[in-house]
Structures are given as structure tokens and as C-alpha cells.
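Take the sequence shown: its letter number 150 is residue 152 in the working numbering, and every next letter is one higher.
No residue lacks a Cβ here, since even glycine has one placed at the ideal position from N, Cα and C.
Taking it in order: structure first as C-alpha cells, then the write-up.
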Amino acid sequence: MMALSAQCLQASTSAAAVRTAKAAPRPLAPAIPASLGGRSLVHTRRTADVSVKGIRRSPVITPDVAVGKGDEETSLDLYNYLLRQRIIFLSGYVNDKIATQVVGSLLALEAMDEEEDIRIYINSSGGQPYSIFGVLDTIRSVKPPIQTLGLGACYSYASLILASGTKGKRYSMKNTRIMMTQPMGGSQGDMYQIQKTVEELNAIYQMTARYYMQFTGMDQDTVEKNTCRDLFMTPEQAQYYGLIDGVIQGKQPPKFTPPSVLKQMRNAGLVDDLAGGVLRL
3 MMALSAQCLQ ASTSAAAVRT AKAAPRPLAP AIPASLGGRS LVHTRRTADV
53 SVKGIRRSPV ITPDVAVGKG DEETSLDLYN YLLRQRIIFL SGYVNDKIAT
103 QVVGSLLALE AMDEEEDIRI YINSSGGQPY SIFGVLDTIR SVKPPIQTLG
153 LGACYSYASL ILASGTKGKR YSMKNTRIMM TQPMGGSQGD MYQIQKTVEE
203 LNAIYQMTAR YYMQFTGMDQ DTVEKNTCRD LFMTPEQAQY YGLIDGVIQG
253 KQPPKFTPPS VLKQMRNAGL VDDLAGGVLR L
């Protein structure tokens with residue numbers, strides 16, 4: 003009887019062990035020794051994935067453009083396609099990286115064709131003066147004519163790039179805002195360090211003023227007056243000062259004459275009803 007009880011107890015213990023083994027979750031990965039940090043392989047792999055997936059990417063995806071037909075069809079990203087059409091976009095704050103890309107594009111397009119125009123579309127709030135000067139020097143040195151077109155905003159040094167295009171080929175959209183200003187900066191330290199910084203700012207201002215006078219035809223007094231404070235301009239004002247040569251108006255909406263004004267003009271004999279109500283000249 004005692005032997006039977008021992009066998010039953012052993013069987014129940016074995017069954018409980020089996021149930022416990024089935025209920026226990028399977029380990030996801032073997033543990034790493036404490037000398038290596040005591041972390042599991044899964045945790046380490048997940049951390050690596052987070053480091054890769056944590057890179058911020060632009061939510062705007064550059065579209066692809068289909069080129070060719072049939073078996074020769076291929077796809078290019080939008081900016082590569084536009085570059086092949088000799089179009090360069092300059093947008094945002096111009097730093098060393100953007101300036102290098104623009105300079106490289108200008109040199110590559112010059113190597114492809116030294117006579118066909120290069121178009122630069124500008125929508126920028128300005129940039130670092132040395133980066134801007136690098137772009138200006140390249141624009142002046144390449145052989146192809148440079149068309150510049152402002153859209154959105156051309157502020158600060160961006161207005162200088164807008165004015166640096168080939169004479170007669172500098173344009174602006176009708177709602178573009180253009181602004182001239184003078185270099186700004188700051189310094190701290192002893193009086194000698196501050197003096198050196200002021201001298202460098204003055205040198206940058208003199209270079210900027212010479213470029214404005216060369217590109218626009220303004221005299222020194224006019225440049226100093228326009229850059230003493232931020233001078234915001236419409237395209238028509240920019241054309242008056244010589245920054246651009248023309249304004250792209252686009253499609254004009256049909257002119258509308260209020261009915262009351264039209265009635266007064268008709269009573270005065272200034273409306274030709276036979277020509278569809280067109281005002282007589």
C-alpha cells in the first residue's frame with residue numbers, strides 16, 4: 003500500500019512538472035553574461051533596430067520622372083531630371099553644403115554645354131556671406147549665360163544672387179518679396195578681438211556694396227541708403243533699382259468693371275456696346 007502511494011505521489015509530481023514546463027514561457031534568447039552587460043540578445047538587437055529606424059527622414063518624397071519610351075524608358079528623380087534640363091534650385095538658408103552643390107552643378111553644366119543658358123530658381127532667406135560669395139564667384143566665372151528667377155522670398159544675400167544673373171535675363175514672379183540689408187554679426191572678448199570682428203564685418207559690407215553697384219548700377223550712396231535698414235521691395239521696386247530686368251505676370255484674370263461704373267461710362271458714351279462692352283480708347 004505504501005509502495006502504491008509513493009508511485010501515485012511520484013506520478014502527480016511528474017505531471018505537475020510537465021504542466022509547469024508547458025505554462026512557462028519560452029526564453030526569447032539566451033542571456034548574456036553579466037561581464038558583457040547582462041542584457042539579452044533580443045534587447046541588444048532591438049536597440050540596434052531603434053538606432054537605425056530612429057533616423058529622421060523628410061516626409062516629402064521626391065517624385066520620379068519617366069524618361070524615354072518602350073524598352074528605353076527609365077526613371078530619374080525630379081531634381082536630377084531638372085538638372086539635365088539645366089535648371090538649378092536654390093532654396094533655404096545658403097550654407098557651405100548648399101553652396102557646394104550649386105557650384106558643382108554650375109561647373110557640371112558648363113562642362114556639358116558652354117553656350118546654352120543655365121536657369122537658377124531662387125527661394126531663399128539669405129545665407130552665410132562666404133558661401134554666397136563662392137556662388138557669386140562661380141556665376142561670374144562660368145561661360146554659359148545665367149538666368150535667375152526669384153520666387154517666394156529673396157532676402158538678404160539671396161537678392162544679391164538674384165541680381166548676379168546675366169543682364170536682361172533676371173526675372174521675378176509677381177508676388178515675390180525681395181529684401182536688401184547689410185551684414186550683421188557679433189563678437190565677445192577683449193577690445194582687440196572685437197575690433198578684428200568689426201573690421202571683418204566692414205570688409206564683408208564693402209564687398210557686398212561693390213557687388214550691388216556692379217550688378218544693379220546703383221551708386222554708393224543709394225546702396226548705403228537701401229542697406230541701412232531692411233528694405234523690402236515688390237518686384238516692380240526691385241526692377242526700378244536694377245536688381246531684376248522683368249516681372250513674370252503669368253496668366254492675367256479677365257478685367258472686371260463694376261456694373262455701376264459701367265453704367266456711368268455708358269451714359270457718358272465711353273462704352274462700345276457693339277464690341278461687347280469694351281471701353282473705347
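Take residue i and list the residues in its own chain whose beta-carbon comes closer than 7 angstroms to its own, dropping the five residues that flank it on each side.
i	result
G219	G244
S107	L85 and I90
Q251	K176
S161	I180, M181, M182 and L245
E112	V144, K145 and P146
L117	The residue you asked about is not Leu; residue 117 is Glu in the sequence shown. P146.
K265	none
D232	M181 and T183
Since residue i sits in a beta bridge, which residues does DSSP pair it with?
i	result
V69	T76
N125	S93
Y173	L151 and G248
R88	In the DSSP output, where bridge partners are listed per residue, R88 has none listed.
M181	F234
I120	I148
Among the options, whose alpha-carbon lies nearest the alpha-carbon of residue i?
i	options	result
Q241	G271, T178, Q190 and T183	T178
Y173	G128, D79, T236 and V69	T236
G167	L151, E202 and Q266	L151
V67	E74, D73, E75 and D79	D79
N204	A110, C156 and P131	P131
S126	E75, G70, S158 and I148	S158
L153	N269, K71 and L92	L92
I124	C230, D115, E238 and I163	I163
Q87	A155, D119, G72 and K99	D119
E202	P261, M215 and M186	M186
Under a Cβ-count criterion, where at least 16 other Cβ atoms within 10 Å of its own Cβ denotes burial, should residue i be classed as buried or exposed?
i	result
S143	exposed
I196	exposed
V96	buried
L109	exposed
N228	buried
Y194	exposed
R121	buried
V104	buried
Can you find the residues in the same chain that come closer than 6 angstroms, C-beta to C-beta, to residue i, ignoring five residues on each side of it along the sequence?
i	result
S211	Reading off the sequence shown, one finds Ala at residue 211, where the question assumed Ser. The answer, listed in chain order, is V225.
A101	S133, G136 and V137
A165	F217, T218 and L245
M209	none
I141	I148 and S166
G128	Y157, S158, Y159 and A160
D98	S133
T199	S189
Y213	L162
K253	none
Note down, in chain order, each residue of its chain lying with its Cβ closer than 8 angstroms to the Cβ of residue i, except the 5 sequence neighbours on either side.
i	result
K24	Note that K24 scores a pLDDT of 49, beneath 50, so its modelled location is shaky and nothing firm can be said.
V69	E75, T76, S77, L78 and Y83
F234	R179, I180 and M181
K169	D247
V263	none
K71	none
C230	Q184
E238	V249
Compute the beta-carbon to beta-carbon distance between residue i and residue j, rounded to the nearest angstrom, for a pair I have assumed lies under 8 angstroms.
i	j	result
Q222	Y207	With 8 angstroms as the limit, Q222 and Y207 do not qualify as a contact, their Cβ atoms being about 12 angstroms apart.
K171	D247	7 angstroms
Going by the C-beta, is residue i closer than 7 angstroms to any heavy atom of the ligand PLP?
i	result
G191	In terms of ligand content, the structure shown is empty, and the ligand PLP therefore cannot be addressed.
Within 8 angstroms (strictly less), CB to CB, does residue i reach chain B?
i	result
L85	Structure shown: chain B not included; a single protein chain is present.
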